[in-house]
Amino acid sequence: MSRIPPPIFKSESTRTAECDKIVVGVADMAVARDAHKSIVTYALGSCIGVTLYDPVAKVAGMLHFMLPESTVSPDKAAINPAMFGDAGLPLLFQKVLDAGARRERLIVCAAGGAEVLADDGHFRIGNRNRTVLRKIFWKLNLLLASDDTGGQHSRTMTLRLIDGQISIRSQGKDSLLWPH
Amino acid sequence: MASLNETIAALDRLPALPATTIQLISMLAGEGRDTDLHEVEKIVSRDEAVAASVLRRANSAAFGMRGRVAGISDAIRRLGTRELCRIALETQTSGLLANAGRSYGLRRGSLSQSALGGAVAADALARAHTSSHRIDREVAFVATLLRDIGKLAIDAVAGADALEKIAAAADGRPFLAYEREVFGADHAELGAMLCQRWSLPDEIVRAVRGHHEPPSSPSEPLTDIVHAADCVARWAGLGLGCDGLMYPFDIGVRERLGTTRDELEALVADVLAATATQPTPGILNSGNLNSGTLHSGTKPGNALKRTA
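Protein chains in written order, with our numbering: chain A, 2 to 181; chain B, 39 to 346.
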């Protein structure tokens with residue numbers, strides 16, 4: 002990942018940040034088709050944030066899922082599929098296509114999947130979230146363009162619809178996830 | 039960098055826990071552990087914010103099948119002592135914690151949400167373990183609610199980006215180790231000192247002190263539960279600042295509690311549902327999308343949200 006260059010028009014950038022931000026909560030998703038907006042999700046720990054972006058249709062979707070498999074709580078998955086990777090990822094994909102994106106143009110990125118310190122392999126929620134991500138993408142025939150996962154730190158992920166730029170903020174530093 | 043003395047001196051400058059909260063906690067954790075509804079009523083009626091929460095809860099969907107209540111005494115009767123104490127404690131600690139955690143990079147309200155999320159998990163864990171240990175659910179709830187209160191003291195002594203710098207340079211040790219190096223004490227110890235100053239029961243002081251590093255011999259069942267509940271809250275994405283997940287899940291606690299991975303994951307889902315800022319999660323509908331936004335929407339009756 003490379004450092005984000007400072008914005009050329011600072012006031013414009015501030016305005017965008019304040020007014021046109023769509024916030025995706027934990028176990029939540031959003032699909033947008035408005036080039037003036039950006040989509041952001043905070044506090045990605047073991048959770049994973051996934052973005053799908055079509056640069057031609059300017060359609061973007063973001064999912065913030067919390068747990069890998071909906072089998073642990075099928076009733077909650079029925080109410081809110083965005084809580085689980087296995088239920089939320091296919092739904093995000095479908096919603097993005099419904100909004101006018103084309104599969105062959107999709108740029109797919111992911112961030113998060115951190116682990117608690119010194120997990121001896123028992124829980125590994127972050128790791129299993131990463132596994133379910135790969136599994137579902139394999140089924141959907143999608144490839145990750147870029148990802149920033151693992152470690153112990155939390156991340157904030159922001160996608161800008163105008164050009165699909167994805168930035169990650171973690172431990173006080175910004176970095177660019179896409180384009181490389 | 040602050041000396042231990044400077045850090046401890048910061049404790050004096052912090053807002054105190056309301057006297058009514060201390061009264062309630064002492065009542066809950068007291069010798070006979072019997073709570074007097076009349077006393078609780080008096081405490082609740084004296085605090086406007088608490089009274090408003092009590093009315094709101096009594097009229098919420100969970101209690102709403104029997105018509106609306108307008109008066110505080112009706113609400114109190116409908117909710118019962120246990121629920122009443124919880125609402126009072128939740129409201130009062132969340133006021134204290136609303137702005138806490140700034141030095142960890144937490145947004146306003148994050149730490150109150152994490153306090154409540156952990157407390158909900160602790161309650162469930164205590165309920166599940168009543169057979170092996172006698173853990174009072176109310177005490178587990180309160181101790182977990184207060185576990186990060188020491189972050190107020192760190193906020194008071196840490197410079198603007200001090201903790202972010204520590205986190206960026208972290209070399210794989212638990213975050214408490216860095217706090218001790220830089221401030222002379224970690225947030226768990228400082229939280230315990232605060233609880234002691236407020237004359238809270240000793241078992242709560244010990245649980246707050248050990249919530250990231252629970253003692254193993256002899257082990258303390260209450261501390262074990264607060265420790266596990268804290269991890270569950272983190273997995274639900276609550277209270278994650280620049281310290282992230284730099285806290286271990288103690289293997290001894292896992293073995294003593296005997297909670298399976300699936301059980302803990304189900305609890306993570308429950309905790310999120312209990313603390314959602316937007317109440318009940320809804321299903322993302324397919325709809326006609328013009329130039330707006332489809333959101334999975336977590337508001338009841340508003341499965342599809344448009345933000346044009």
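Backbone N, C-alpha and C fix where the C-beta goes; we use that ideal spot for every residue, glycine too.
Ends of the alpha helix (DSSP H) at Gly380 (chain B)?
The displayed coordinates of chain B run from 39 to 346. Any statement about residue 380 (chain B) would go beyond what the structure contains.
By how many angstroms is the C-alpha of Thr59 (chain B) removed from the C-alpha of Arg84 (chain B)?
Sequence index remark: in the second sequence, residue 84 (chain B) carries index 46 (1-based). Sequence index remark: in the second sequence, residue 59 (chain B) carries index 21 (1-based). Looking at the two C-alpha atoms, the distance is approximately 12 Å.
With 16 other CB atoms within 10 Å as the buried threshold, where does Asn142 (chain A) fall?
In the first sequence, residue 142 (chain A) corresponds to position 141, counting from 1. Exposed, since its Cβ has fewer than 16 Cβ neighbours within 10 Å.
Suppose you measure from the CA of Ala33 (chain A) to the CA of Ile49 (chain A); what does that come to, to the nearest Å?
Mapped onto the first sequence, residue 33 (chain A) falls at position 32. Mapped onto the first sequence, residue 49 (chain A) falls at position 48. Rounded to the nearest angstrom, the two C-alpha atoms are 19 Å apart.
My understanding is that Ala153 (chain B) touches Val270 (chain B), with C-beta atoms under 8 Å, so please give their C-beta distance in whole angstroms.
Looking up residue 153 (chain B) in the second sequence gives position 115. Looking up residue 270 (chain B) in the second sequence gives position 232. About 13 Å; that fails the 8 Å criterion.
Neighbour-count burial assignment, His123 (chain A), 16 or more Cβ in a 10 Å radius
Along the first sequence, one-based indexing puts residue 123 (chain A) at 122. Its Cβ having fewer than 16 others within 10 Å, His123 (chain A) is exposed.
Consider the Cβ of Asp224 (chain B): report whether some Cβ of chain A lies at a distance smaller than 8 Å.
As a first step, residue 224 (chain B) must be located in the second sequence, where it is residue number 186. No, Asp224 (chain B) does not count as interfacial toward chain A.
Looking only at C-alpha atoms, which of B:Arg146, B:Arg120 and B:Gly188 sits nearest to Cys233 (chain B)?
Taking the second sequence and counting its residues from 1, one reaches residue 233 (chain B) at position 195. Checked all of B:Arg146, B:Arg120 and B:Gly188; the closest Cα to Cys233 (chain B) is B:Gly188.
Could you tell me the distance, in whole angstroms, from the CA atom of Leu276 (chain B) to the CA atom of Val24 (chain A)?
Stepping through the second sequence from its first residue, residue 276 (chain B) is reached at position 238. Stepping through the first sequence from its first residue, residue 24 (chain A) is reached at position 23. Taking the straight line joining both Cα atoms gives about 16 Å.
Under three-state DSSP, which class holds Ser83 (chain B)?
Translated into positions along the second sequence, residue 83 (chain B) becomes position 45. DSSP places Ser83 (chain B) in helix when its eight states are reduced to three.
Of all the CB atoms in chain A, is at least one closer than 8 Å to the CB of Pro212 (chain B)?
By 1-based counting over the second sequence, the position of residue 212 (chain B) is 174. Chain A, which has a Cβ nearer than 8 Å to the Cβ of Pro212 (chain B), makes this yes.
Contact list for the region 265–285 of chain B against chain A, Cβ threshold 9 Å
Cys269, Arg272, Trp273, Ala274, Gly275, Leu276, Gly277, Leu278, Gly279, Cys280, Asp281, Gly282, Leu283, Met284 and Tyr285
Which one or two residues does DSSP pair with Arg170 (chain A) in a beta bridge?
Taking the first sequence and counting its residues from 1, the one referred to as residue 170 (chain A) is at position 169. Per DSSP, A:Thr157 and A:Asp175.
Using the three-state DSSP reduction, which class does Ala146 (chain A) fall into: helix, strand or coil?
Residue numbering aside, residue 146 (chain A) sits at position 145 when the first sequence is read from its first letter. Residue state, collapsed to three classes: strand.
Against chain B: residues of the region 118–132 of chain A by CB proximity under 7 Å
Leu118, Ala119, Asp120, Asp121, His123, Phe124 and Ile126
What separation, rounded to the nearest whole angstrom, lies between the Cα atoms of Ser39 (chain A) and Leu162 (chain A)?
Position 38 of the first sequence, counted from the first residue, corresponds to residue 39 (chain A). Position 161 of the first sequence, counted from the first residue, corresponds to residue 162 (chain A). Their Cα atoms are separated by approximately 6 Å.
Between the C-alpha atoms of Gly118 (chain B) and Thr131 (chain B), what's the straight-line distance to the nearest angstrom?
The residue labelled residue 118 (chain B) in the question sits at position 80 within the second sequence. The residue labelled residue 131 (chain B) in the question sits at position 93 within the second sequence. Spanning the two alpha carbons is a distance of roughly 20 Å.
Using C-beta distances below 8 Å, list every residue in its chain close to Leu127 (chain B), excluding the 5 sequence neighbours before and after it, in chain order.
In the second sequence, counting from the first residue as 1, residue 127 (chain B) sits at position 89. Excluding positions up to five away in sequence, the list reads Thr59, Leu62, Ile63, Phe179, Val180 and Leu183.
For Ala112 (chain A), report the span of its alpha helix (DSSP H) as first-last.
Translated into the one-based positions of the first sequence, residue 112 (chain A) becomes position 111. From DSSP, Ala112 (chain A) is part of no alpha helix (DSSP H) but of the beta strand (DSSP E) over Ile108 to Gly113.
Pair every Cβ in the region 257–265 of chain B with every Cβ in the region 215–235 of chain B, then say whether three or more of these pairs are closer than 8 Å.
no
Pull up the DSSP beta-bridge partners for Lys22 (chain A), would you.
Within the first sequence, the letter at position 21 stands for residue 22 (chain A). Answer is A:Ser39, bridged to Lys22 (chain A).
Assign Trp236 (chain B) to one of two classes, buried (16 or more other C-beta atoms within 10 Å of its C-beta) or exposed (fewer than that).
Here residue 236 (chain B) refers to the residue found at position 198 of the second sequence. It counts as buried.
Which residue's Cα is closest to the Cα of Ala111 (chain A): A:Ala100, A:Asp149 and A:Pro82?
Position 110 of the first sequence holds residue 111 (chain A). Residue A:Asp149 is the option with its Cα nearest to Ala111 (chain A).
Using 10 angstroms around the beta-carbon of Pro53 (chain B), count the other beta-carbons present and answer buried if the total reaches 16, otherwise exposed.
For this step, residue 53 (chain B) is matched to residue 15 along the second sequence. Exposed, since its Cβ has fewer than 16 Cβ neighbours within 10 Å.
Please tell me whether Gln172 (chain A) has its Cβ less than 8 Å away from any Cβ of chain B.
Against the first sequence, residue 172 (chain A) aligns to sequence position 171. Cβ-Cβ to chain B under 8 Å: yes for Gln172 (chain A).
What in chain A is Cβ-close to Asp74 (chain B), meaning under 7 Å?
Counting from one through the second sequence, the residue named residue 74 (chain B) turns up at place 36. Near Asp74 (chain B) there are no residues of chain A at all, since even the closest Cβ is about 37 Å away, more than 7 Å.
Through-space distance from Gln153 (chain A) to Arg84 (chain A), alpha-carbon basis:
On the first sequence, residue 84 (chain A) is found 83 positions in, with the first residue counted as 1. On the first sequence, residue 153 (chain A) is found 152 positions in, with the first residue counted as 1. In the sequence under discussion, the amino acid at residue 84 (chain A) is Met, which differs from the Arg named in the question. For Met84 (chain A) and Gln153 (chain A), the distance between alpha carbons rounds to 21 Å.
Should the region 44–53 of chain B be called in touch with the region 76–90 of chain A, which here means at least 3 C-beta pairs below 8 Å?
no
Using a Cβ-Cβ distance cut-off of 8 Å, determine whether Ala312 (chain B) contacts chain A.
The sequence position of residue 312 (chain B) within the second sequence is 274, counting from 1. Output row for Ala312 (chain B): interface = no.
Anything in chain E within Cβ reach of Tyr43 (chain A), meaning under 8 Å, just list it in chain order.
No chain E is part of this structure, whose protein chains are labelled A and B.
Give a yes or no on whether the minimum CB-CB distance between Asp300 (chain B) and chain A is below 8 Å.
Numbered from its first residue, the second sequence carries residue 300 (chain B) at position 262. At least one chain A Cβ lies under 8 Å of Asp300 (chain B).
Per DSSP, the bridge partner or partners of Phe124 (chain A)
Against the first sequence, residue 124 (chain A) aligns to sequence position 123. Phe124 (chain A) pairs with nothing; no bridge assigned.
Hey, Leu122 (chain B) and Ile114 (chain B) are a contact pair by Cβ (cut 8 Å); roughly how many whole angstroms apart?
Numbered from its first residue, the second sequence carries residue 122 (chain B) at position 84. Numbered from its first residue, the second sequence carries residue 114 (chain B) at position 76. That pair is a contact at about 6 Å.
Endpoints, the beta strand (DSSP E) within which Thr52 (chain A) is located
As a first step, residue 52 (chain A) must be located in the first sequence, where it is residue number 51. Thr52 (chain A) -> beta strand (DSSP E) spans Ile49 to Asp55.
Any alpha helix (DSSP H) of 4 or more consecutive residues that is wholly inside the region 147–223 of chain B
148–166, 175–183, 189–195, 200–206 and 213–221
Mind listing the chain A neighbours of Phe287 (chain B)? Cutoff is C-beta to C-beta under 7 Å, in chain order.
Position 249 of the second sequence, counted from the start, is the residue given in the question as residue 287 (chain B). Within 7 Å Cβ-Cβ: Val117, Asp120 and Phe124.
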